[in-house]
Every structure is written in structure tokens, then in C-alpha cells.
Amino acid sequence: MNVVIIGVGAMGCLFGAFLSPLTPVTLLGRWPEQLAALAQDGLTVVEVDGRSSRHQLWATNNPPAIPPADLALILVKSGQTAQAAQTIQPILKPDGLALTLQNGLGNLEKLTAVLGANRAVLGITAQGATMLEPGKIRHAGHGPTHLAYTPETERRVTAVANLFNQAGLQTELADNVDSLVWAKLAVNCGINPLTALLGVPNGFLTENESAKQIMMAAARETAIVAQSLGITLPYPDAGKRALQVAQATAANHSSMLQDIQRGAPTEIEAICGAVVSNGRKTGIPTPINAELYRMIKLQETGAWKLDIEKTLTSLQPLVSNLNTGGKT
Ligand code: PAF
């Protein structure tokens, strides 16, 4: 199976490191320092316990250099998905699959619009990675990957799942896309904006009581919106699920924190923004997601400064309000 990975960030590199011993893999990206480091020294993957491994990965910024692909793994930021779909259109074989493992809502739709429903599929992964420096990542989160399939894509998605499992990435098939996407979204709404605003690793949200409550409330608010759309999540309590993921990825700097730290646009539109706009459609108030959205937008422009106490103090009343059903 010829694999192309779109995106040379931490997650693209992590999947490249797992898959490249088994099958030809090309990474496609534009980050010059990363491409230079990978070409010169390869990729170093540091595990949470300190062990590290080296991997030779082939990465390029030149789409015509990439052989026809059976599988395109989409691991760019959600704001770049439409562009990624255009880029892989001439590379992906007629019966190839583009698989999004990104955060947020709307990525599958953007791939489908360009590649067709027969070639666009979606998965979610509990794997987590942090970029340490060009050519070096920390493998900071372990957990299953779920791939959604339709009758048309089932055979090819099964082949991808088999490849992932052989590579050591525990993978299962799932037939309910919406449940999968919203399950991940609830976790991302809980963890990503708050870690970015506080400038802390995910584990902080499990240790600080106020941060923990805000994380759990944001995830639960997202689950209520999902419910209003008729979507049942695969776990009973989204707040507890966010807590478990934050524990399992305690050392990780969430992707949104990493975006803020390198001055890049975040995925807040596809995460809290998507929850707020869906809540509006079904008449569900989303005060916590709306406030996290507002604060991240300010932080992106440099107008919200890092201040743990101030951030927690301004978000905490929204949680108390939610817990008392608005009767404070
Ligand atoms: O975006 C992220 O960082 C990840 O989806 C997660 C699971 C929150 C772990 O950091």
C-alpha cells in the first residue's frame, strides 16, 4: 500500500514512524526546518518514559514527486483541509482512500467535496504527539484509533485497519461516523482551548480542581449539543471521558497549545466554533464553548495574555451557573 501523509507536524511524523517499516510512506509538507531536519538526521521519537527511537522518513514539499497513493492520511490543521484535498486529488488512485484523522468538525465534508464519498473516510485517534524541535517529537498519548466505513469503503478501510494494527497502532472499525466525531470533539472542547489559554500540559487539567471542572463542563456542554442533533456518544459522561484522556495524555501539549506557542492559527473554528454554531441551530445554549472561543480568538491576536488565575476566575462562574441550571 503506497501511503502519503499530508502534514509534517507531530502527528504526521508519528504515523510516518509507525507505518514506514511496513510500507512505502511519503510525507508531504511545507515547513522548511522540518523537511531539512528529516532529510539530514531522520526523525527521533521520544516516548514518555524517556526511551527514544530513530526513523528514516522520506518527506518532500513537491507533490509531483509523490507516487500514486492508495492511502492519503490527512494530518494538516483543519483550516488547511480544503487545500490538502486539492493537493492529493491528482495523487490519489481512483480506488484510493483519503483518511482524515484530524480534530474538529467539517474535515470529511471538505475531502468528500473534492474526492467524492467513495474516496473520503474519517477516523479518530487517541494517539497524541508533541513537536519538541524540528526532527524530534514526543509520543505523548497512546490509545485506540477508530475508522468509520460505509458499504462502499468497508473493504479498503479494513485493509487500512489491518496495516495500522500490524504497525502497532491499535485500530478498530466503527460504523457510526457522527458518534465518533462528536466523541472526539467533546474531548477536544474540554482539553484544547483550556490548555492553550493556561499554557499547561494536559495533565494540569486533572490536578487543578477549577481547571478540571471547566474542562468537564465544556465537554458535557458539547455532548448536550450532540444529543440535540440526535447523536449518541459512545460513553455515558463526556466530562469523565475528557478527564480520562487528559490523564492518558498528561505529558502532552495539546495541539492548540502548540499552535499558540508557534504563533499559528488554531483549530478553534472547527472545535468550539462548530459547537456554538450547531447549538444555535438546535437552540442549545453553549456559554462555555462560546467563552473559550472568544478567549482563544483574543489569544491568537496577542490580546489575551497568559494568566492562569485570571483565566480560571473568568471561566469558573459559567461552570457554577451550568451546575445550578442557571439559578445561582
Ligand atoms: O488535539 C490534541 O492535542 C489531542 O486531540 C488531544 C487528545 C486533546 C491530546 O492532546
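In terms of this note's numbering, the sequence shown is residues 21 to 348.
Where a beta carbon is used, it is the ideal one built from N, C-alpha and C, also for glycine.
Count the other CB atoms, across all protein chains shown, that sit within 10 Å of the CB of N182; report buried if there are 16 or more and exposed otherwise. exposed
Cα separation between I353 and K330? Nothing can be reported for residue 353, as the shown portion of the chain is limited to 21 through 348.
Taking only three categories from DSSP, how would you classify I26? strand
Is G148 near the ligand PAF, with its Cβ less than 7 Å from a heavy atom? yes
Relative to the ligand PAF, is the shortest distance from any of its heavy atoms to the C-beta of N309 smaller than 7 Å? no
In the DSSP output, which residue or residues are listed as bridge partners for K130? The partner list for K130 (beta bridge, DSSP) is empty, contrary to what the question assumes.
Three or more C-beta pairs under 8 Å: does that hold for the stretch 149-169 against the stretch 235-249? no
In chain order, what are the residue ranges of uninterrupted alpha helix (DSSP H) at least 4 long that sit wholly in the stretch 208-281? 224-227, 229-248, 258-268, 275-281
Tell me where the alpha helix (DSSP H) around E53 begins and ends. 52-61
In this structure, what does DSSP give as the bridge partners for V68? BP columns for V68 are empty, so no partner.
Quick check on D115: buried or exposed, where buried means 16 or more other Cβ atoms within 10 Å of its Cβ? exposed
Beta-carbon spacing of I304, V245 below 8 Å: yes
In terms of residue numbering, what span does the alpha helix (DSSP H) encompassing I308 cover? 307-320
Hey, quick one: how far does the alpha helix (DSSP H) through V177 stretch, first residue to last? 174-186
Every unbroken beta strand (DSSP E) inside the stretch 144-171 [3 residues or more]: 148-153, 156-161, 165-168
Beta-bridge partners of S73, as assigned by DSSP: V65
Need the endpoints of the beta strand (DSSP E) that G116 sits in, please. 112-120
Got a sec? Which residues, its chain only, sit under 6 Å from D61 by beta carbon, not counting five neighbours each side? G155
If I94 and L125 are in contact, beta carbons under 8 Å, what's the gap, nearest whole angstrom? Incorrect: roughly 14 Å between the Cβ atoms, too far for contact.
Please list, in chain order, all residues of the same chain as G346 whose beta carbon is under 8 Å from its beta carbon, the five residues on each side excluded. Low confidence applies to G346: its pLDDT is 44, below 50, so where it sits in the model is not reliable, and the reading given next is rough at best. Correct list: empty, nothing qualifies.
Drop a sphere of 10 angstroms on the beta-carbon of S334, count the other beta-carbons inside from all chains shown, and report buried for 16 or more, exposed for fewer. exposed
Enclosing alpha helix (DSSP H) for A323 [first to last residue]: It is not in any alpha helix (DSSP H) - A323 carries neither H nor E in the DSSP assignment.
Suppose the cutoff is 7 Å on Cβ atoms and the five residues either side in sequence are ignored; what does the same chain contact list for N309 look like? C209, A238, E241, T242, C292, V295, V296
Given the structure, does S275 come close to the ligand SAM, in the sense that its CB is under 7 Å from one of the ligand's heavy atoms? In terms of ligand content, the structure shown lacks the ligand SAM and carries the ligand PAF instead.
Report the partner residues of L93 according to the DSSP bridge assignment. I25, L119
Apply the 10 Å Cβ neighbour rule to N185 and answer buried if 16 or more other Cβ atoms are within range, or exposed otherwise. exposed
Identify which residue in P83, Q76, I86, N123 has its Cα closest to the Cα of K97. N123
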